[in-house]
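If you're matching positions, the sequence shown starts at 1025 in this note's numbering and goes up one per residue.
Positions of the beta carbon are idealized from the N, C-alpha and C atoms, including for glycine.
Computed from a predicted structure; not experimentally measured.
So the structure is just underneath, and the comments pick up after that.
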Amino acid sequence: MSWAVRHVVFAALGLALLLGLAGVTSAAPSASALIADRVGVLAPHESRALEDELRSLRDADGVLLGVVLVDTTGPQSIEAFARAIAVELSVGSERAAVLVLALTDRRSRLEVSDALRPTFSDARAQAILDNVRGYLRAGDHAGAIRAVVREVRAAIRKEPVDLESPHPSQPAPGGGEASTEDRASAASAPPSEGGSPWLVITLVALCVLLGGAAWAYLNRTSTLTVTHDGVAVPRRSFWVDWAWATGKVIAIPFVILGVILAGMASASASSSSWSGGSSSNSRSSLGSSSSRSSGSSSGSSSRSSGWSGGGASSGW
1025 MSWAVRHVVF AALGLALLLG LAGVTSAAPS ASALIADRVG VLAPHESRAL
1075 EDELRSLRDA DGVLLGVVLV DTTGPQSIEA FARAIAVELS VGSERAAVLV
1125 LALTDRRSRL EVSDALRPTF SDARAQAILD NVRGYLRAGD HAGAIRAVVR
1175 EVRAAIRKEP VDLESPHPSQ PAPGGGEAST EDRASAASAP PSEGGSPWLV
1225 ITLVALCVLL GGAAWAYLNR TSTLTVTHDG VAVPRRSFWV DWAWATGKVI
1275 AIPFVILGVI LAGMASASAS SSSWSGGSSS NSRSSLGSSS SRSSGSSSGS
1325 SSRSSGWSGG GASSGW
């Protein structure tokens, strides 16, 4: 097989690996998709229903709420992670908030923009997160998100506080037994329909191994050496060629991914800072919801724009 054909096959394998890796993590929420479920714990019908509620909050009440579900925030604190998501949304001059649920870390964060804090205090954000711990301990992630949306809407409309979790008595893991009602409620909850990332990882690993074997086999003819008897034999064993080809299949997509991430970082660095970005840039990145969000208090909003750490954090 010719050099060009072999490298086309190699590039295709690398692209397949890169797409597989991209499938494990999804993008941050945006104006068109306000929920980013990176763990896959929300059923499709739950995601659709929550998207509708979030759009209603945005369109009817002028508040943009983004939701991110992750397995862990890694070495970052959940506060720093939520702030980075908020900056990525480019909503510094909006009345906006970002809810982050880190499931393995068992931590939650409700990041509130400066423009929203006058009507949605840090104390209220803390009370909401502390109260929805019952949902999260029961594995009802959709219920927790729905409760947060409901309370954000109530705060904006200046309605009375109605913080009542359906699992108020359920203890943290290892902290005693739950009541009979709590155990029955948790047992009757429908199983999650979200997919497992291990299936994607297994398929990607299988593609890498098979791709490495195919690449090594196709490349064998270029590594032949002629003995003194005039017989062409491979210079190396097939297993050595396979290991070498598999290493290349793994390395190239990460090089491509590194170039892409470097380009994104460069673009982010050249964009407006979250602490001093203009309201016009925020409006262009999120659409016409900016004019609805600012309303008659646009002057106050521009003075209090940005994300200075407002909100609250909790655990469950």
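key: Ile1180 vs Thr1143 beta-carbon contact at 8 Å   = In this structure, Thr1143 lies closer than 8 Å to Ile1180 by Cβ.
request  = Starting from Glu1183, trace the beta strand (DSSP E) both ways and give me its first and last residue.
outcome  = Where Glu1183 is concerned, there is no enclosing beta strand (DSSP E), given that its DSSP letter is neither H nor E.
query = Looking only at its own chain, which residues have a Cβ that is under 7 Å from the Cβ of Val1176, when we skip the five neighbours before and after it?
reply = So the list reads Leu1081, Val1087, Leu1089, Ala1121 and Phe1144, once near-sequence residues are dropped.
inquiry  = Closest to Arg1119 by C-alpha separation, out of Gln1150, Asp1085, Ala1166 and Thr1096, would be which residue?
reply    = That would be Asp1085, whose Cα lies nearest to the Cα of Arg1119.
inquiry  = Restricting to runs no shorter than 3 residues, where is the beta strand (DSSP E) found entirely within the segment 1064 to 1120?
reply    = DSSP runs (the beta strand (DSSP E)) wholly in the segment 1064 to 1120: 1088 to 1094.
query = CA-CA distance, Arg1072 and Asp1138?
reply = The alpha-carbon atoms of Arg1072 and Asp1138 are separated by roughly 29 Å.
task = Measure from the alpha carbon of Val1091 to the alpha carbon of each residue in Ala1149, Val1273 and Ala1057, then state which is nearest.
result = Ranking the options by Cα distance to Val1091, first place goes to Ala1057.
task = Report yes if the C-beta distance between Ser1332 and Ile1102 is below 8 Å; otherwise report no.
result = It is not a contact, given that the beta carbons lie outside the stated cut-off.
query = Cα separation between Glu1016 and Leu1223?
reply = This structure cannot speak to residue 1016, because the chain is shown only from 1025 to 1340.
request  = Let me know the secondary structure DSSP gives Ala1126 once reduced to three states.
outcome  = In the structure shown, the three-state DSSP call for Ala1126 is strand.
query = How would you label Val1228, buried or exposed, when you count the other beta carbons within 10 angstroms and need 16 or more for buried?
reply = Looking at its Cβ environment, which holds 16 or more other Cβ atoms inside 10 Å, Val1228 is buried.
request  = With a threshold of 16 other CB atoms inside 10 Å of the CB of Ile1169, please say whether the residue is buried or exposed.
outcome  = Answer is buried; the Cβ neighbour count reaches 16.
request  = Could you tell me whether the Cβ atoms of Ala1166 and Leu1078 are closer together than 8 Å?
outcome  = Taking a C-beta distance under 8 Å as the contact criterion, Ala1166 and Leu1078 do not qualify as a contact pair.
inquiry  = So, with DSSP's three-state summary, where would you put Arg1141?
reply    = Three-state result, Arg1141: coil.
task = Tell me whether Glu1205 is buried or exposed, calling it buried when 16 or more other Cβ atoms sit within 10 Å of its Cβ.
result = Reliability fails at Glu1205, whose pLDDT of 41 lies under 50, so the model's placement of it is uncertain and no value is given.
query = In the DSSP assignment, what residue or residues form a beta bridge with Glu1135?
reply = Beta-bridge pairing links Glu1135 to Val1122 and Gly1335.
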